[in-house]
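In the working numbering, the protein residues as written are 36 to 179. All residues carry an ideal CB built from backbone N, CA and C; glycine is no exception. So the structure is just underneath, and the comments pick up after that.
Next up, the structure:
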């Protein structure tokens, strides 16, 4: 794995500006976090536990994610309202949210990458940590 992502993950989503349709990219059976799933035994850090941690998203985060997924650099943009942390056996991982900049959901493009775009309700089988992250991500998207 790229060392850049050793303590970082990204959730990729689509949000229709007019329809409000929100879909999250799920990569096979591996979940929604990229470039690798969260480790087993991961748990979402509650807001009071995160308060002491200050981190800004790296400037090259979107470039690294696009390269990893084989996408053009302008296809994703960072949602600056979402920076969450997960406690894992390997240490704390910071999770970011990247939005597709397209007008229509890129179903075919994601299928080429081995992923499907799914609504939150179709991701109930995700790990508890991912479900917590998805709930927070959905709330951030709906509030913006």
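When you compare each of the options to residue i by their alpha carbons, which one comes out closest?
i           : options           : result
residue 42  : 162, 155, 68      : 68
residue 155 : 148, 146, 165     : 165
residue 96  : 46, 56, 59        : 46
residue 132 : 78, 162, 75, 172  : 172
residue 139 : 57, 99, 112       : 57
residue 44  : 142, 123, 137     : 123
residue 39  : 75, 102, 77       : 102
residue 100 : 177, 179, 37, 178 : 37
residue 177 : 160, 78, 98, 134  : 134
Can you tell me the Cα-Cα spacing of residue i and residue j, whole angstroms?
i           : j           : result
residue 73  : residue 54  : 31 Å
residue 65  : residue 109 : 25 Å
residue 104 : residue 70  : 8 Å
residue 112 : residue 106 : 12 Å
residue 127 : residue 114 : 20 Å
residue 142 : residue 76  : 31 Å
residue 98  : residue 136 : 14 Å
Taking 8 Å as the threshold (C-beta atoms), are residue j and residue i in contact?
i           : j           : result
residue 130 : residue 119 : yes
residue 144 : residue 49  : no
residue 80  : residue 121 : yes
residue 51  : residue 149 : no
Whole-angstrom Cβ separation of residue i and residue j, contact assumed at under 8 Å?
i           : j           : result
residue 175 : residue 125 : About 25 Å; that fails the 8 Å criterion.
To which residues of the same chain is residue i closer than 8 Å at the C-beta, ignoring the five residues directly before and after it?
i           : result
residue 158 : 59, 61, 67, 165, 166, 169
residue 179 : 114, 116
Using a Cβ-Cβ cut-off of 7 Å (strictly less than) and excluding sequence neighbours within five positions of residue i, which residues of its own chain qualify?
i           : result
residue 161 : 66, 67, 169
Could you name the residues of the same chain whose beta carbon sits closer than 6 Å to that of residue i, not counting the 5 residues immediately before and after it, in chain order?
i          : result
residue 78 : 122, 164
residue 93 : none
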